[in-house]
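Reading through the structure tokens given below for one structure.
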Amino acid sequence: MTKYQAIKGMSDILPEESQVWQRLEEVTRSFFRTNGYEEIRTPVVEVTELFQRSIGEASDIVHKEMYTFKDRGDRSMTLRPEMTASVARAVIENNLIREAKPLYLYYIGPMFRAERPQAGRRRQFHQVGIESINTPSPFSDAEAIALLARYLRVVGVESFKIKINTLGCPKDQAEYRETLKAYFSKESAALCEDCKYRLEKNVLRIFDCKNESCHKIIDNAPPMKPCGTCGSDFDTIRELLKSVFNVFYEVDRKLVRGLDYYTGCVFEATSAGLGAKDAVAAGGRYDNLIKEMGGADLPATGFAIGIERLLESMKADSSPLLVEPRQKRIYVALAGVGLDAIKRFSKVLGGFNSALCLLREKGHEVFFHFRPDVSLKSQLREADKWGARAVIILGEDELTKGVMTLKDFESKEEKKDIAISELVSIFRWD
RNA sequence: GUGGGAGUAGCUCAACUGGUUAGAGCACUAGACUGUGGCUCUAGGGGUUGGGGGUUCAAGUCCCCUCUCCCACCCCA
Numbered sequence: 002m003t004k005y006q007a008i009k010g011m012s013d014i015l016p017e018e019s020q021v022w023q024r025l026e027e028v029t030r031s032f033f034r035t036n037g038y039e040e041i042r043t044p045v046v047e048v049t050e051l052f053q054r055s056i057g058e059a060s061d062i063v064h065k066e067m068y069t070f071k072d073r074g075d076r077s078m079t080l081r082p083e084m085t086a087s088v089a090r091a092v093i094e095n096n097l098i099r100e101a102k103p104l105y106l107y108y109i110g111p112m113f114r115a116e117r118p119q120a121g122r123r124r125q126f127h128q129v130g131i132e133s134i135n136t137p138s139p140f141s142d143a144e145a146i147a148l149l150a151r152y153l154r155v156v157g158v159e160s161f162k163i164k165i166n167t168l169g170c171p172k173d174q175a176e177y178r179e180t181l182k183a184y185f186s187k188e189s190a191a192l193c194e195d196c197k198y199r200l201e202k203n204v205l206r207i208f209d210c211k212n213e214s215c216h217k218i219i220d221n222a223p224p225m226k227p228c229g230t231c232g233s234d235f236d237t238i239r240e241l242l243k244s245v246f247n248v249f250y251e252v253d254r255k256l257v258r259g260l261d262y263y264t265g266c267v268f269e270a271t272s273a274g275l276g277a278k279d280a281v282a283a284g285g286r287y288d289n290l291i292k293e294m295g296g297a298d299l300p301a302t303g304f305a306i307g308i309e310r311l312l313e314s315m316k317a318d319s320s321p322l323l324v325e326p327r328q329k330r331i332y333v334a335l336a337g338v339g340l341d342a343i344k345r346f347s348k349v350l351g352g353f354n355s356a357l358c359l360l361r362e363k364g365h366e367v368f369f370h371f372r373p374d375v376s377l378k379s380q381l382r383e384a385d386k387w388g389a390r391a392v393i394i395l396g397e398d399e400l401t402k403g404v405m406t407l408k409d410f411e412s413k414e415e416k417k418d419i420a421i422s423e424l425v426s427i428f429r430w431d
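Under the working numbering, the first residue of the first sequence is numbered 2, with each subsequent residue one higher.
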């Protein structure tokens with residue numbers, strides 16, 4: 002008999018942790034909604050070509066990290082490795098931009114990449130992100146970066162850094178690639194094997210090399226020279242971040258993004274406690290993606306936050322969100338009451354049960370499960386561990402008289418002979 | 001895909017160069033207190049040592065295969 006287990010790199014989120022996720026999700030939804038972003042949900046599966054075209058063949062995501070399979074109609078399908086392509090598709094397909102207005106969207110959900118699992122890297126992972134579409138102004142870049150910074154603080158991450166850079170327009174980028182190719186080709190003898198490979202495939206990524214021996218060569222590489230518009234846009238973004246949004250950032254000329262669709266300003270948030278890869282969020286401008294996918298000419302910018310990584314950062318910074326808020330919990334202990342007794346006292350218990358439901362409607366968490374053969378002592382112990390603030394004790398004595406015994410765990414007081422009809426009014430904790 | 005480390009009770013980990021019946025803490029259950037939580041004490045239950053194969057008189061320990069987890073590289077949030 003083989004034991005079933007979760008697929009490599011895909012983990013269960015168990016009840017304890019799930020509570021933290023729920024709290025984070027609530028705060029997240031409320032944050033983006035109050036900032037004028039609306040949620041979009043798209044299917045988890047798309048035709049493979051969508052990602053090939055948007056992310057680009059140069060990226061490893063496409064040619065070795067996608068969950069791609071044939072469906073029954075023999076079409077090639079892929080589990081989404083990121084969200085921007087799907088959102089772009091949905092915007093075009095549903096004609097979401099009919100007037101010359103911007104569109105502010107956020108999303109939250111699972112993504113899939115068949116990488117080898119590592120710290121902060123799972124095969125099924127979760128992202129929350131925004132796409133602000135039809136927003137050509139550099140103000141939108143600054144706004145997005147500021148939004149990210151504010152969000153991180155809201156969820157209790159303080160120790161983050163924002164890095165920004167500009168990749169320039171496609172023309173700038175093409176020129177810069179040529180410049181870099183020429184430069185690194187000359188130095189190629191001293192480069193590591195990985196960088197030699199990058200030189201052929203995607204020069205920009207040489208900047209990501211962690212090899213000490215390559216650093217000197219990288220440091221002396223010619224800097225990006227954006228054209229007039231791109232340069233002044235980037236200056237504007239920096240100015241706005243400083244003066245309007247009050248966001249601390251550093252310009253990192255080595256910051257390049259791995260996805261093909263990025264143009265102009267790109268950025269990244271790094272944080273403590275994340276292992277080798279310390280990016281918790283990243284994003285940038287993608288002015289041509291929607292046009293290239295067959296839509297209108299809609300400049301856009303956006304970012305994605307890795308939720309698993311975010312949770313790690315929250316732990317490192319002791320985010321208050323990780324702490325479970327005090328619950329209004331009530332535990333019902335049945336003392337020596339078996340199934341036969343339950344049947345005998347079904348009338349009393351029926352009224353009791355209705356009262357419990359009223360308590361639940363008022364927001365109390367009520368534990369009322371049948372635990373035969375578990376002593377009262379153990380039930381009280383269980384109640385304590387569960388975090389109950391009060392326990393209602395029902396035994397044959399109480400049931401015969403139609404009353405209950407109430408034990409308050411905080412004041413340690415115990416009240417007897419309380420009528421069941423008083424149940425709803427007796428708990429006033431808020 | 002490449003490289004390193006690790007899988008022993010529900011959890012965290014012991015078990016010297018292969019050698020009696022694989023142990024401890026925590027957790028769990030029960031009792032002390034026969035209907036009363038937290039603290040203490042006592043007792044108890046719990047294991048195909050990830051799975052499969054091999055070497056050996058003898059394997060948790062050595063060898064091979066496989067699975068999973070952790071870490072790093074490539075790449076990415």
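Backbone N, C-alpha and C define an ideal beta-carbon position, used for all residues, glycine too.
For residue j and residue i, the rounded distance between their alpha carbons
{"i": "Met2", "j": "Pro118", "result": "For Met2, the predicted structure reports a pLDDT of 40, less than 50, and the residue's modelled location is therefore unreliable. A value from the coordinates is still provided. Computed Cα separation, rounded: 27 angstroms."}
{"i": "Ser272", "j": "Gln6", "result": "32 angstroms"}
{"i": "Ser426", "j": "Ile394", "result": "17 angstroms"}
{"i": "Glu26", "j": "Phe126", "result": "15 angstroms"}
{"i": "Gly274", "j": "Asn36", "result": "28 angstroms"}
{"i": "Ile331", "j": "Glu94", "result": "50 angstroms"}
{"i": "Ile207", "j": "Ala270", "result": "20 angstroms"}
{"i": "Cys215", "j": "Leu205", "result": "14 angstroms"}
{"i": "Glu414", "j": "Ala389", "result": "14 angstroms"}
{"i": "Ile308", "j": "Glu423", "result": "45 angstroms"}
{"i": "Lys417", "j": "Ser376", "result": "20 angstroms"}
{"i": "Val281", "j": "Asp261", "result": "20 angstroms"}
{"i": "Met405", "j": "Val324", "result": "33 angstroms"}
{"i": "Ile343", "j": "Ala384", "result": "21 angstroms"}
{"i": "Glu58", "j": "Arg372", "result": "59 angstroms"}
{"i": "Ser355", "j": "Leu381", "result": "23 angstroms"}
{"i": "Trp22", "j": "Ala190", "result": "49 angstroms"}
Limits of the alpha helix (DSSP H) - the one that residue i falls within
{"i": "Lys386", "result": "377 to 387"}
{"i": "Lys71", "result": "That residue, Lys71, is in no alpha helix (DSSP H); its beta strand (DSSP E) goes 68 to 71."}
{"i": "Phe52", "result": "49 to 56"}
{"i": "Ser186", "result": "171 to 188"}
{"i": "Asp29", "result": "Rather than Asp, the amino acid found at residue 29 in this sequence is Thr. Taken as a continuous stretch (DSSP letters only), the alpha helix (DSSP H) holding Thr29 covers 16 to 35."}
{"i": "Lys65", "result": "61 to 65"}
{"i": "Val1", "result": "Any property of residue 1 remains undetermined from this structure, which presents the chain solely from 2 to 431."}
{"i": "Ser320", "result": "Looking at the DSSP string, Ser320 is not in any alpha helix (DSSP H), and its letter there is neither H nor E."}
{"i": "Ile291", "result": "290 to 293"}
{"i": "Glu362", "result": "347 to 362"}
{"i": "Arg90", "result": "85 to 94"}
Per DSSP, the bridge partner or partners of residue i
{"i": "Met405", "result": "Ile419"}
{"i": "Gln128", "result": "Gly110, Gly307"}
{"i": "Gly229", "result": "None; Gly229 has no bridge partner."}
{"i": "Tyr332", "result": "Phe368, Val392"}
{"i": "Glu100", "result": "Answer is none; Glu100 lacks a bridge partner."}
{"i": "Val252", "result": "Ile165"}
Beta-carbon separation (whole angstroms), residue i vs residue j, contact threshold 8 angstroms
{"i": "Met78", "j": "Thr49", "result": "6 angstroms"}
{"i": "Val155", "j": "Phe32", "result": "5 angstroms"}
{"i": "Val248", "j": "Asp209", "result": "Not confirmed; about 24 angstroms, so no contact."}
{"i": "Gly454", "j": "Leu106", "result": "Past the boundaries of the shown model lies residue 454; the chain is included only from 2 to 431, so the question cannot be answered."}
{"i": "Val158", "j": "Ser412", "result": "Contact doesn't hold; Cβ gap of about 38 angstroms is too wide."}
{"i": "Glu251", "j": "Lys162", "result": "7 angstroms"}
{"i": "Arg24", "j": "Leu322", "result": "6 angstroms"}
{"i": "Lys329", "j": "Glu366", "result": "7 angstroms"}
Whether residue i touches residue j by CB criterion (7 angstroms)
{"i": "Asp173", "j": "Pro227", "result": "yes"}
{"i": "Ser87", "j": "Thr43", "result": "yes"}
{"i": "Gly130", "j": "Phe304", "result": "yes"}
{"i": "Gly403", "j": "Val349", "result": "yes"}
{"i": "Ile62", "j": "Pro82", "result": "yes"}
{"i": "Ala115", "j": "Glu66", "result": "yes"}
{"i": "Lys408", "j": "Val392", "result": "yes"}
{"i": "Asp318", "j": "Ser160", "result": "yes"}
Opening and closing residue of the beta strand (DSSP E) in which residue i lies
{"i": "Asn166", "result": "161 to 167"}
{"i": "Thr79", "result": "77 to 80"}
{"i": "Cys266", "result": "266 to 272"}
{"i": "Gly285", "result": "280 to 286"}
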